[in-house]
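Everything on this sheet refers to the single structure shown next.
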Amino acid sequence: MTASPAVKTDALPPFLAACRRQPVAHTPIWVMRQAGRYLPEYRAVRSKVGFTELTRSPELAAEVTLQPIRRFALDASIIFSDIMVPIEGMGVALEYAPGPVIGEPVRTMKQVEALRPLNPAEDVPFVMEAIKLTRAGLPAHVPLIGFAGSPFTLFSYLVAGKPSKEFSVPRAFAQAEPEISAALMDRLADAMIVYLRAQAGAGAQALMLFESWGGLLGPNDYRRIALPPVKRIIDGLKDLGVPLIYFANQCGSNLDSIATLNADVIGLDWRTSLGAARKVLGPSKAVQGNLDPAHLFSSPADLRKRVDEVLADAGPGPGHIFNLGHGIWPETDPDSVAQLVDYVHERTAK
Ligand code: 1CP
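Encoded structure:
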């Protein structure tokens, strides 16, 4: 059965209701990187195909997207892909080891100008195919999230050329070459607007932008460098009418800037208090998060206490989507995820 993203019914799935800050029968929960290496069934698929092939096969991408939905009572699904997939579509050669490694880091205006404007239907048709197949395989009450990387996060990988803890190379580059940096992020913003619009067109019922590394910037640089292209993307998607989620990793010092965005939901990591963030973000935004992924290694009794803390911090009002504060670790026991999901539902059932 295919659910239309625009349909508003009395029984809006809890995830979509929470995105709109409406009352819910239980607090919805999903887990960042819920399709991934902690699941033996994901590892079984990955033992046969490389990561790039997995992202390019609509059938396999749909299969691994559905794996965690079959196992756990999750309230949302996120399409299996990677933030770097559209970057390959723009003509950048890269491989995953397991994080993205760029063939030739982008550091000159000539390289920026050589980036192809993204045409999703031609450059990454398999993503939209995977969305259609996944939507057809999902239960009606489990919405499908489409996603992209934020311009600064994509810029970080493109300039550094590989994953990094501090991303000192792109941070220095943004200072040394502000014009090249702005031109690159501008192109990335244009590409992510058309990419996310194409995902919604294929059936994604919410769109999420991952700001994984913007939090490495100080508040003034965040506001000057990372925020403007994000604002442009969000404003360029608003007419779609689907909830827009901005995951702002390590952005506790940037909440006043983030409050100016037209996003519906702000995702937060565990270093930021949900309650304190809600005060700054105001009543027009829902929050998503923010259990420390390390807490999935607690005893079941302690895990429940940690969940209670997150729920108490979020407060009793509507507009909380439970999630981890960042991606689940590959070493996590899937049974802990089952306990987490079931406990959030049990504890918040109205
Ligand atoms: O070997 C493997 O199987 C590859 C591991 C892997 C996986 C499972 C990578 C490479 N990407 C993914 C999937 C992925 N990436 C999803 C799938 C959907 C789901 O959540 O279930 C999503 C949403 C992403 C997004 C992504 N990729 C982000 C943003 C989220 C975040 O964690 O902050 C980032 C930063 C990336 C880059 C990336 N791709 C892969 C890895 C290991 C990384 C991180 C590298 C680093 O540490 O910098």
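Numbers in our numbering are just positions in the sequence shown, counted from 1, shifted up by 417.
Note that CB positions come from ideal geometry on N, CA and C, so glycine has one too.
Cα separation between residue i and residue j?
i      : j      : result
LEU613 : SER498 : 13 Å
GLN439 : ASP681 : 12 Å
GLU539 : GLY516 : 25 Å
GLU532 : GLY578 : In the sequence under discussion, the amino acid at residue 532 is Leu, which differs from the Glu named in the question. The straight-line gap from Cα to Cα measures roughly 15 Å.
PRO646 : LEU511 : 23 Å
ALA619 : MET449 : 21 Å
GLN592 : ASP759 : 47 Å
TRP746 : PRO534 : 34 Å
LYS582 : ALA428 : 43 Å
ASP719 : ASN740 : 17 Å
VAL754 : TRP447 : 10 Å
LEU561 : VAL659 : 11 Å
ALA665 : SER567 : 10 Å
ILE548 : ALA493 : 13 Å
LEU698 : ARG688 : 16 Å
GLY692 : GLN451 : 25 Å
ARG640 : VAL518 : 28 Å
CYS436 : ALA608 : 25 Å
ILE610 : MET545 : 15 Å
ASN671 : THR677 : 11 Å
Say yes only if the C-beta of residue i is nearer than 8 Å to one or more non-hydrogen atoms of ligand 1, and no if none qualify.
i      : result
THR749 : no
SER629 : yes
GLY663 : Just to set this straight, residue 663 is Tyr in the shown sequence, not Gly. Flag unset: Cβ of TYR663 not near ligand 1.
ASP492 : no
PRO580 : yes
GLY506 : no
LEU633 : no
ILE675 : no
ASP499 : yes
ILE495 : yes
ARG463 : yes
GLY669 : no
GLY453 : yes
MET449 : yes
ASN637 : no
TYR574 : yes
Should residue i be labelled buried (16 or more other beta-carbon atoms within 10 Å of its own) or exposed?
i      : result
THR749 : buried
ALA565 : buried
PRO717 : exposed
ARG552 : buried
ASP652 : exposed
GLU530 : exposed
SER674 : buried
For residue i, would you say it is in contact with chain B, using Cβ-to-Cβ distances shorter than 9 Å as the test?
i      : result
LYS655 : Considering every chain present, this structure includes no chain B. It has just one protein chain.
Any contact of the region 586-603 with the region 466-474, i.e. 3+ C-beta pairs under 8 Å?
-> no
Any chance you could list the beta strand (DSSP E) runs of at least 3 consecutive residues sitting entirely within the region 709-764, in chain order?
-> 737-741
Given 8 Å, three or more beta-carbon pairs between the region 540-560 and the region 633-642 | The region 540-560, when compared against the region 633-642, does not touch it at the 8 Å Cβ threshold.
Could you tell me whether the region 474-482 touches the region 455-462, where touching means 3 or more Cβ pairs closer than 8 Å?
-> yes
At what residue ranges does the region 509-559 contain a whole run of the beta strand (DSSP E), taking only runs of 3 or more?
-> 511-513 and 517-519
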